[in-house]
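From first to last, the protein sequence lines stand for chains A and B. Read in my numbering, the first sequence has 390 at position 124, and its numbers run on one by one without any break. Read in my numbering, the second sequence has 434 at position 168, and its numbers run on one by one without any break. For each residue, glycine too, the CB sits at the ideal point set by N, CA and C. Nothing here was measured: the structure is a model prediction, and the numbers come from that model. Notes follow the structure.
There are 2 protein chains.
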Amino acid sequence: MAGRAAEPEVIWARPERAGRGPRPVYSRSDIVAAAVRLADADGIDALSMRRIAADVGCGTMSLYNYVPRKEDLYELMVDAVSGEYEFTGAPSGDWRADMLAVGREARGILRRHPWVIRLMTTGYASGPNALRFLEHCLTCLEGVGLPGGAKMELIANINGTVMTIVANELALAERARGLPWSEEEEQAVRGAYLMRQLAGGAYPRLAAVMAESGATRIDPEEIFDRTLGRVLDSFVAPE
Amino acid sequence: MAGRAAEPEVIWARPERAGRGPRPVYSRSDIVAAAVRLADADGIDALSMRRIAADVGCGTMSLYNYVPRKEDLYELMVDAVSGEYEFTGAPSGDWRADMLAVGREARGILRRHPWVIRLMTTGYASGPNALRFLEHCLTCLEGVGLPGGAKMELIANINGTVMTIVANELALAERARGLPWSEEEEQAVRGAYLMRQLAGGAYPRLAAVMAESGATRIDPEEIFDRTLGRVLDSFVAPE
DNA sequence: AGCGCACTACGTACGCTGTACGTAACTAGG
DNA sequence: CCTAGTTACGTACAGCGTACGTAGTGCGCT
C-alpha cells in the first residue's frame, strides 16, 4: 500500500520520516527548495509536480512520499521563505524602528518571492516560522502600552499593508508573465486606454488627479516608509 | 481563420461585435455572469472554460469569440462585481462616513465573491467600474485638504485594508474548499497543532497573548470599523 | 536471527485543463 | 451579388494533479 488514508492532518505534524522502510534519498527541504527556486524563476502557475521532480532528480510520484498534496507544498514554501527573516539587532528598544525594519524585511522577501503574496492571501501562514515571526514582533512590542489583541491587530495590519504595497508594485510585472506580448507593450496599451477614458470627460476628478500627479516623481521607498509609519501612528499616536 | 492575431490589446478596447459575420447568439455579459456564478459557487480554481460553456449552453470554443483569453475573463469578472457598488446617499458631506460606507460595501462584495481577492491582488482592476469607483471616492474626498496623490494613497489603503481583513475572515473557509475533509476537522487539527506548539514554551509572548485573548469575545464588525477608522485617522487626524 | 511489514521509488493511467486549429454556416460591405 | 470576415463548434494536443500498482529495502519484533 502506497498512499496514506486521507484523514485530517496538518503538514507540520507529519513526521518527515517514519522509522520503518528504506532510507529516503531526498528530503522535504530539498523538494521545497526546488519548488521555491522554480516558482521564483517562472511564477507559481508554472510550478508543477513534474517540474519539481525533474529539478530534484526523482520520479514525479516520489514527491508524494514527502508531501501528501500540492497544497501542503504551498504551505511549506511559504514557511520556508518566512525563514529568511533575520531580525538583526532587534529588539533595539525603539519599537517603531523595529517594526519598520520588520516591514522592510517583509518587503524584501515578497519582492524576491512574488508568489508568496498569492499564497498568503489564501491563508497559507501557520507554520513554525510564522510563529517565530509573531513572537519576534511581540518581543519588539513588549513595552508598548497596548493590549495583546491590539498588538496582534498591529502586526496583522503591518503584514497586510506590506503585502498590498508590494502587490501593487509588482502587479504589472506579474501580470505580464505568460502574456503573449511584452510588459512594455502591455503598459503602453493599458496607458493608452486609460488616457482615452480620462479624455472622455466621464471622470473629471480622476483626470485632474492624474494630470497633477503625472508630473511629480514618485519614490517607492518613500511611499513605503510613509505608509508603514501611518499604520504605526494609527495604533500609538507619536509623541 | 478563427482566432485573431495575438497582438497587444486590452479587453476593454475590443469591440463586442464587429459588423461582418452572423449575429452572435450569446453576449459577453452572459458569459461573465455565468463565470461569476460558477466562481461564487465552487471557487475560482474550479472555474474552467468547459464548465462556463456548459452553463451558458454553448460549445467550449465559442467562448473564445467573446473573450480572447481566460485572463481577460478574469478582468471582466472583477469589473462586473465592481459594478455592485451602489454608493447610495454619497457624497453626504461627511467624507469619513462616506469612506466607511465604501469600505463596508467593498467588504460585502468581497464576501459575496471571495475569488475577487485573489484576482485583485494579482492586479486585475483597471476596467470602467474601477474608474467609476475611483471617481466616486475622489468626489467624497472633494473638500478634504489633501493633495491628489495622498487621496489616491488613502483610497488604495482603504481598498487594501478591506481586502486584507476579508481575506483573514475567509481564510479558513476558502482553504477548506477542495480539501478531502471538512472545515471543522481542519480547524480542529490546526488548533490542536497550535496549542501543542504554544505549550512547548518556545513562544512565550505569543502564548500569553493567545491565552489572554482566548477569553475575550471578538466582534468582526467592530474590528472592521475600528481598523478602517484608523486608516482614515492616519491621513487626517480627527478634530 | 530472521520474518514480516511499513516504507521508498517510480511507471502507468485517468480525468481534467487551456486553447490552437480546421470546418461549415452565415451576413454585411463593396 | 459576391466574398471576406465572423460565428459556432468539434477535434486534438500538451500538460496538469494524483490514484493506484509493483518492486525492492531495511527496521522492529518475536
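Assuming residue i and residue j make a contact with CB atoms under 8 Å, what is their CB distance in whole Å?
{"i": "A/M343", "j": "A/A305", "result": "7 Å"}
{"i": "B/A300", "j": "B/D321", "result": "4 Å"}
{"i": "A/S500", "j": "B/S500", "result": "4 Å"}
Going by Cα to Cα distance, which pick from the options is closest to residue i?
{"i": "A/E401", "options": "A/E273, A/P380, A/V368", "result": "A/V368"}
{"i": "B/G411", "options": "B/P446, B/A503, B/Y292", "result": "B/A503"}
{"i": "A/N423", "options": "B/H379, B/K417, B/T430", "result": "B/T430"}
{"i": "B/P403", "options": "B/R294, B/I484, B/K417", "result": "Per the sequence shown, the amino acid found at residue 403 of chain B is Cys instead of Pro. B/C403 has its Cα closest to that of B/K417, out of B/R294, B/I484, B/K417."}
{"i": "B/L397", "options": "B/L329, B/S479, B/Y351, B/R373", "result": "B/Y351"}
{"i": "A/L498", "options": "A/G374, A/N425, A/E371, A/R443", "result": "A/N425"}
{"i": "B/I277", "options": "B/T354, B/E408, B/D485, B/P394", "result": "B/P394"}
{"i": "B/G495", "options": "B/E419, B/E450, B/I375, B/R362", "result": "B/R362"}
{"i": "A/F399", "options": "A/R443, A/Y469, A/R280, A/I421", "result": "A/I421"}
{"i": "B/E435", "options": "B/P281, B/R373, B/R483, B/E419", "result": "B/R373"}
{"i": "B/G409", "options": "B/P357, B/R280, B/I484", "result": "B/P357"}
Between residue i and residue j, what straight-line distance do the alpha-carbon atoms span, to the nearest angstrom?
{"i": "B/Y332", "j": "A/R441", "result": "21 Å"}
{"i": "B/A437", "j": "A/R456", "result": "32 Å"}
{"i": "A/S225", "j": "A/G467", "result": "Look at the range of chain A in this structure, 267 to 505, and you will see that residue 225 of chain A is not part of it."}
{"i": "A/R378", "j": "B/R283", "result": "42 Å"}
{"i": "B/A481", "j": "A/G415", "result": "11 Å"}
{"i": "A/A307", "j": "B/R303", "result": "34 Å"}
{"i": "B/A268", "j": "B/M327", "result": "Any answer about B/A268 is weak, because its pLDDT of 42 lies below 50 and its placement is not dependable; what the coordinates show is given next. Those two C-alpha atoms are separated by around 10 Å."}
{"i": "B/P446", "j": "B/Q453", "result": "13 Å"}
{"i": "B/A458", "j": "A/Y292", "result": "29 Å"}
{"i": "A/E488", "j": "A/V432", "result": "13 Å"}
{"i": "A/T388", "j": "A/E451", "result": "30 Å"}
{"i": "B/S448", "j": "A/R384", "result": "23 Å"}
{"i": "B/C324", "j": "B/S314", "result": "14 Å"}
{"i": "B/A439", "j": "A/T405", "result": "31 Å"}
{"i": "A/P349", "j": "A/Y340", "result": "The sequence shown places Gly at residue 349 of chain A, rather than the Pro named in the question. Answer to the nearest angstrom: the Cα atoms are 14 Å apart."}
{"i": "A/M461", "j": "B/P274", "result": "16 Å"}
{"i": "A/M365", "j": "A/E505", "result": "17 Å"}
{"i": "B/R317", "j": "B/L329", "result": "11 Å"}
{"i": "B/D491", "j": "A/P486", "result": "28 Å"}
{"i": "B/G285", "j": "A/M386", "result": "46 Å"}
{"i": "A/R270", "j": "A/P413", "result": "Note on A/R270: pLDDT 47, under 50, position unreliable in the model; the coordinate value appears next. Roughly 44 Å between the two C-alpha positions."}
{"i": "A/T493", "j": "B/E419", "result": "9 Å"}
{"i": "A/T427", "j": "B/T427", "result": "7 Å"}
{"i": "A/P290", "j": "A/I375", "result": "31 Å"}
{"i": "B/G355", "j": "B/V298", "result": "29 Å"}
{"i": "A/P281", "j": "B/R370", "result": "44 Å"}
{"i": "A/R240", "j": "B/F353", "result": "Since the first and last residues shown for chain A are 267 and 505, residue 240 of chain A lies out of range."}
{"i": "B/A319", "j": "B/R294", "result": "12 Å"}
{"i": "B/A279", "j": "B/G287", "result": "20 Å"}
Using a Cβ-Cβ cut-off of 6 Å (strictly less than) and excluding sequence neighbours within five positions of residue i, which residues of its own chain qualify?
{"i": "B/W381", "result": "A305, I310"}
{"i": "A/R335", "result": "none"}
{"i": "B/L407", "result": "W361, K417"}
{"i": "A/S338", "result": "Before going on, a small fix: residue 338 of chain A reads as Asp here, not Ser. For A/D338, where only same-chain residues beyond five positions count, the Cβ hits under 6 Å are I277."}
{"i": "B/Y390", "result": "Y340, E341, V344"}
Going by beta carbon distance, what residues of the same chain come within less than 7 Å of residue i, once the five residues before and after it are set aside?
{"i": "A/L264", "result": "The requested residue 264 of chain A is not part of the displayed model; chain A covers only 267 to 505."}
{"i": "B/G359", "result": "none"}
Below 8 Å CB to CB, which residues in the same chain sit around residue i once its five sequence neighbours on both sides are set aside?
{"i": "A/D296", "result": "V322"}
{"i": "B/G444", "result": "G309, D311, A312"}
{"i": "A/Y469", "result": "Q463"}
Got a sec: does the ligand MG put a non-hydrogen atom nearer than 8 Å to the Cβ of residue i?
{"i": "A/C403", "result": "Ligands are entirely absent from the displayed structure, and the ligand MG is therefore not among its contents."}
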